[in-house]
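Before any comments, here is the structure.
2 protein chains.
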Amino acid sequence: MSQIDNISVVKKANVYFDGKCVSHTVLFADGTRKSVGVIFPSTLTFNTDAPEIMEIVDGVCKVQLAGENEWKTYRGGESFQVPGKSSFHIETVELVNYVCHFG
Amino acid sequence: MSQIDNISVVKKANVYFDGKCVSHTVLFADGTRKSVGVIFPSTLTFNTDAPEIMEIVDGVCKVQLAGENEWKTYRGGESFQVPGKSSFHIETVELVNYVCHFG
Numbered sequence: 001m002s003q004i005d006n007i008s009v010v011k012k013a014n015v016y017f018d019g020k021c022v023s024h025t026v027l028f029a030d031g032t033r034k035s036v037g038v039i040f041p042s043t044l045t046f047n048t049d050a051p052e053i054m055e056i057v058d059g060v061c062k063v064q065l066a067g068e069n070e071w072k073t074y075r076g077g078e079s080f081q082v083p084g085k086s087s088f089h090i091e092t093v094e095l096v097n098y099v100c101h102f103g
Numbered sequence: 001m002s003q004i005d006n007i008s009v010v011k012k013a014n015v016y017f018d019g020k021c022v023s024h025t026v027l028f029a030d031g032t033r034k035s036v037g038v039i040f041p042s043t044l045t046f047n048t049d050a051p052e053i054m055e056i057v058d059g060v061c062k063v064q065l066a067g068e069n070e071w072k073t074y075r076g077g078e079s080f081q082v083p084g085k086s087s088f089h090i091e092t093v094e095l096v097n098y099v100c101h102f103g
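Sequence lines, in order, name chains A and B.
According to UniProt numbering, the first sequence is numbered sequentially starting from 1.
According to UniProt numbering, the second sequence is numbered sequentially starting from 1.
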């Protein structure tokens with residue numbers, strides 16, 4: 001699916017890491033929250049509060065989850081899971097479009 | 001209103017001007033389309049196809065419409081209209097969040 005249906009979008013974006021990451025929050029009627037965003041080429045560390053699934057919509061990135069030695073490559077159409085209260089390093093080799101699914 | 005309700009959002013962003021502008025397209029059931037986005041500090045020229053209303057959600061910008069000499073300042077909560085098949089220059093003094101209403 002190239003779009004997310006039956007949602008609200010928060011008009012004001014979330015801008016992180018000096019603009020390297022820009023996302024918009026989307027809200028479902030049941031209170032579920034996701035974010036749709038981009039990460040410009042960079043190497044960043046994200047901390048999680050809730051568990052999340054990072055769905056890579058487009059682009060290529062390498063990811064190292066906290067406590068793992070290995071960097072794994074993810075491309076458009078692939079996803080990875082991150083535990084809550086954890087973190088991951090992400091190297092975006094080219095512009096990445098993602099959807100972050102929380103909870 | 002801080003959010004737009006009852007819409008779909010396209011997962012893949014629109015990235016313009018080497019990343020200075022990032023937007024996500026939102027779609028209504030009746031086919032209406034808007035975009036929610038950010039413009040990083042820069043001076044850019046946008047061309048319009050359809051007429052549009054630029055709603056500044058947050059931030060400050062100066063705008064010069066095609067054929068006008070004057071630059072006008074717009075802040076969060078203000079909007080400006082742009083005719084179709086036209087253009088405008090925009091200087092974002094600080095990060096601008098916007099909603100673009102087409103048609």
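For glycine and all other residues, C-beta sits at the position ideal for the given N, C-alpha and C.
According to DSSP, residues forming a beta bridge with residue i
i, result
"Asp-58 (chain A)", "A:Asn-97"
"Phe-102 (chain A)", "A:Glu-52"
"Phe-46 (chain B)", "B:Phe-88"
"Asn-14 (chain A)", "A:Ser-23"
"Thr-73 (chain B)", "B:Lys-62"
"Ser-8 (chain B)", "B:Leu-27"
"Gly-67 (chain B)", "BP columns for Gly-67 (chain B) are empty, so no partner."
"Ser-35 (chain B)", "B:Thr-25 and B:Cys-100"
"Ser-79 (chain B)", "B:Glu-55"
Closer than 8 Å to chain A by CB, residue i
i, result
"Gly-19 (chain B)", "yes"
"Val-93 (chain B)", "no"
"Ser-2 (chain B)", "yes"
"Val-60 (chain B)", "no"
"residue 105 (chain B)", "Nothing in the structure corresponds to residue 105 (chain B), since chain B is present only between 1 and 103."
"His-24 (chain B)", "yes"
"Ser-8 (chain B)", "yes"
"Phe-40 (chain B)", "yes"
"Lys-72 (chain B)", "no"
Supposed contact pair residue j and residue i - C-beta distance, whole angstroms, cut 8 Å
i, j, result
"residue 116 (chain A)", "Val-38 (chain B)", "Here chain A covers residues 1 to 103 and nothing more, so residue 116 (chain A) does not appear."
"Thr-43 (chain B)", "His-89 (chain B)", "7 Å"
"Val-96 (chain A)", "Cys-61 (chain A)", "5 Å"
"Gly-103 (chain B)", "Thr-45 (chain B)", "The pair is not a contact, with the Cβ atoms about 21 Å apart (cut-off 8 Å)."
"Lys-11 (chain A)", "Gln-3 (chain B)", "6 Å"
"Val-57 (chain B)", "Phe-80 (chain B)", "The Cβ separation is near 13 Å, so there is no contact."
Per-residue burial, residue i [other beta carbons within 10 Å of its own, 16 or more giving buried]
i, result
"Phe-40 (chain A)", "buried"
"Met-82 (chain B)", "First, the residue type needs correcting, since residue 82 (chain B) is Val and not Met in the sequence shown. With 16 or more other Cβ atoms within 10 Å, it is buried."
"Glu-68 (chain B)", "exposed"
"Thr-92 (chain B)", "buried"
"Met-1 (chain A)", "exposed"
"Gly-77 (chain B)", "exposed"
"Lys-85 (chain B)", "exposed"
"Asn-8 (chain B)", "Here the sequence assigns Ser to residue 8 (chain B), which means Asn is not the residue at that position. So Ser-8 (chain B) ends up on the buried side."
"Ala-29 (chain B)", "exposed"
"Glu-55 (chain A)", "buried"
"residue 105 (chain B)", "The requested residue 105 (chain B) is not part of the displayed model; chain B covers only 1 to 103."
"Ala-50 (chain A)", "exposed"
"Glu-52 (chain A)", "buried"
Minimum Cβ-Cβ distance from residue i to chain B less than 8 Å
i, result
"Asp-5 (chain A)", "yes"
"residue 112 (chain A)", "Coverage of chain A is limited to positions 1 through 103, which leaves residue 112 (chain A) absent and any answer about it impossible."
"Ala-66 (chain A)", "no"
"Asp-49 (chain A)", "no"
"Ser-79 (chain A)", "no"
"Val-96 (chain A)", "no"
"Lys-85 (chain A)", "no"
"Val-63 (chain A)", "no"
Below-8 Å beta-carbon distance, residue i vs any chain E residue
i, result
"Asp-30 (chain A)", "Among the protein chains in the structure shown, which are A and B, there is no chain E."
Kindly confirm or deny that the segment 66-83 of chain A and the segment 25-33 of chain A touch, where touching means at least three C-beta pairs closer than 8 Å.
no
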